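**Student:** Quick one: structure below, then a few questions.
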Amino acid sequence: MKVSCVLLTMGNRPAELRRAINSVFEQEGVDVEVVVVGNGADLPELPEGVATLRLPDNVGIPEGRNHGVKVCAGDIILFLDDDGWYRSRDLVRHVHDRFAADPELGAVSFRVADPDGGPDQRRHVPRLRAGDPQRSSRVTTFLGGACAIRRTAFEQGGGLPGGFFYAHEETDLAWRILDAGFHIDYDAEAVMYHPAVAPTRHADFYRLNARNRVWLARRNLPWPLAVAYLGTWVAITLLRERSRPALRAWFAGFKEGWKEAAGPRTPITWSTAWRMTRMGRPPII
Numbered sequence: 028m029k030v031s032c033v034l035l036t037m038g039n040r041p042a043e044l045r046r047a048i049n050s051v052f053e054q055e056g057v058d059v060e061v062v063v064v065g066n067g068a069d070l071p072e073l074p075e076g077v078a079t080l081r082l083p084d085n086v087g088i089p090e091g092r093n094h095g096v097k098v099c100a101g102d103i104i105l106f107l108d109d110d111g112w113y114r115s116r117d118l119v120r121h122v123h124d125r126f127a128a129d130p131e132l133g134a135v136s137f138r139v140a141d142p143d144g145g146p147d148q149r150r151h152v153p154r155l156r157a158g159d160p161q162r163s164s165r166v167t168t169f170l171g172g173a174c175a176i177r178r179t180a181f182e183q184g185g186g187l188p189g190g191f192f193y194a195h196e197e198t199d200l201a202w203r204i205l206d207a208g209f210h211i212d213y214d215a216e217a218v219m220y221h222p223a224v225a226p227t228r229h230a231d232f233y234r235l236n237a238r239n240r241v242w243l244a245r246r247n248l249p250w251p252l253a254v255a256y257l258g259t260w261v262a263i264t265l266l267r268e269r270s271r272p273a274l275r276a277w278f279a280g281f282k283e284g285w286k287e288a289a290g291p292r293t294p295i296t297w298s299t300a301w302r303m304t305r306m307g308r309p310p311i312i
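Heads up, the sequence shown is in the working numbering, so the first residue is 28 and it goes up one at a time.
Spelled out as structure tokens, the structure:
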């Protein structure tokens with residue numbers, strides 16, 4: 028099976044981008060095609076053998092990755108952030124062998140480790156019971172910058188939702204991958220490094236987080252589940268968040284999610300929802 032790695036960059040982290048590329052080229056036991064997508068930005072000088080694609084505008088994370096997938100040749104596609112890198116030289120071989128051995132494996136989410144030795148962050152473990160990051164399990168979503176996806180699953184799922192721009196695009200694709208009959212694994216043995224950063228560093232974090240949750244439900248859930256899912260997240264947000272500006276931005280995004288078009292509505296089946304529930308994360312949270 029051919030393997031490709033798509034790296035999305037704004038061109039503002041050339042040293043980190045080179046480190047990420049080198050960690051891919053250092054992989055042993057399997058050749059990996061590397062495609063770097065400049066998301067509305069010029070690309071710095073890159074190592075020999077890297078394929079490049081410069082987009083004229085910043086189209087957001089999901090659509091930028093979609094463009095990278097279109098020009099790569101891999102049967103297995105890795106998505107890697109430009110400030111992340113692979114810890115070991117056998118990660119890609121390990122992932123390749125997992126896909127080769129299990130034709131129903133649609134995606135693998137990696138364990139994200141702090142390069143400075145800090146504890147693994149719970150938000151990087153894509154399940155509700157995130158207390159032990161070193162425990163592998165079946166999951167219902169994956170991490171966009173720390174994953175591998177089977178191309179056929181990506182295509183049957185319709186790719187990442189480009190209109191989301193940022194936030195929850197992986198979950199949107201994950202639910203459709205599950206609905207297509209594949210499964211998704213969190214693999215604690217597949218480890219990558221990424222500096223510990225807060226997601227709230229993005230200026231539009233709260234607005235896009237809320238808007239895209241509404242779109243996620245409108246696009247993918249039967250209406251009874253959509254109402255339950257969004258009601259749950261309104262309650263969680265009110266309990267978690269104490270900042271009034273953050274709450275104003277979140278509820279503005281929530282309203283925007285209902286007013287603006289969410290894209291095609293293709294609800295998952297009730298049997299898929301039951302599978303997700305049996306895996307420990309019903310699609311109401």
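Yeah, the Cβ is synthetic: ideal placement off N, Cα and C, and Gly gets one too.
What you are looking at is a predicted structure, and each value in this text was computed from that prediction instead of being measured.
Does the distance from the CB of N247 to the CB of W277 come in under 8 Å?
**Tutor:** no
**Student:** Quick check: A215 and R162, are their CB atoms within less than 8 Å of each other?
**Tutor:** Their beta carbons are under 8 Å apart, which means A215 touches R162 by this criterion.
**Student:** Go ahead and pull the three-state DSSP assignment for G76.
**Tutor:** coil
**Student:** By how many angstroms is the C-alpha of D231 removed from the C-alpha of R275?
**Tutor:** 12 Å
**Student:** Leaving out five residues on either side along the sequence, give the residues of the same chain with a beta carbon under 7 Å from the beta carbon of D108.
**Tutor:** G172 and H221
**Student:** Measure the C-alpha to C-alpha separation of S164 and Y213 and round it to an integer number of angstroms.
**Tutor:** 5 Å
**Student:** At 3 residues or longer, what runs of the beta strand (DSSP E) sit wholly inside the segment 61-117?
**Tutor:** 78-82 and 103-108
**Student:** Buried or exposed: where does N49 fall if 16 or more other Cβ atoms within 10 Å of its Cβ makes it buried?
**Tutor:** Around the CB of N49, fewer than 16 other CB atoms lie within 10 Å, so the residue is classed as exposed.
**Student:** Rounded to the nearest angstrom, what separates G111 and V63 at their Cα positions?
**Tutor:** 14 Å
**Student:** Is the Cβ-Cβ distance between L82 and H94 less than 8 Å?
**Tutor:** yes
**Student:** Measuring alpha carbon to alpha carbon, tell me which of R178, D147 and A47 ends up nearest G101.
**Tutor:** R178
**Student:** Please report the residue range of the beta strand (DSSP E) in which F137 lies.
**Tutor:** L132 to A140
**Student:** Drop a sphere of 10 angstroms on the beta-carbon of P188, count the other beta-carbons inside from all chains shown, and report buried for 16 or more, exposed for fewer.
**Tutor:** The residue in question, P188, is buried, as its Cβ has 16 or more Cβ neighbours within 10 Å.
**Student:** Thinking C-alpha only, which one of P160, A128 and L155 is nearest F137?
**Tutor:** Cα-wise, what sits closest to F137 is P160.
**Student:** Would you call the CB atoms of I204 and G184 closer than 8 Å?
**Tutor:** Yes.
**Student:** Indicate whether I311 and T259 have their beta-carbon atoms separated by less than 8 Å.
**Tutor:** yes
**Student:** According to DSSP, is I311 part of a helix, a strand, or is it coil?
**Tutor:** coil
**Student:** What residues in its chain sit with their C-beta under 6 Å from that of I176, if we drop five residues either side in the sequence?
**Tutor:** Contacts found: I104 and A134.
**Student:** Going by DSSP, name the residue or residues bridged to Y213.
**Tutor:** S136 and S164
**Student:** Spatial neighbours of P71 within its chain, please: C-beta separation below 6 Å, excluding the five flanking residues on both sides.
**Tutor:** Sequence-distant Cβ neighbours of P71 in its own chain, meaning closer than 6 Å and more than five residues away, are P41.
**Student:** Among residues of its own chain, excluding the 5 on either side of A78, which ones have a beta-carbon nearer than 8 Å to its beta-carbon?
**Tutor:** Only E60, V61, V62, V63, V98 and C99 meet the Cβ criterion.
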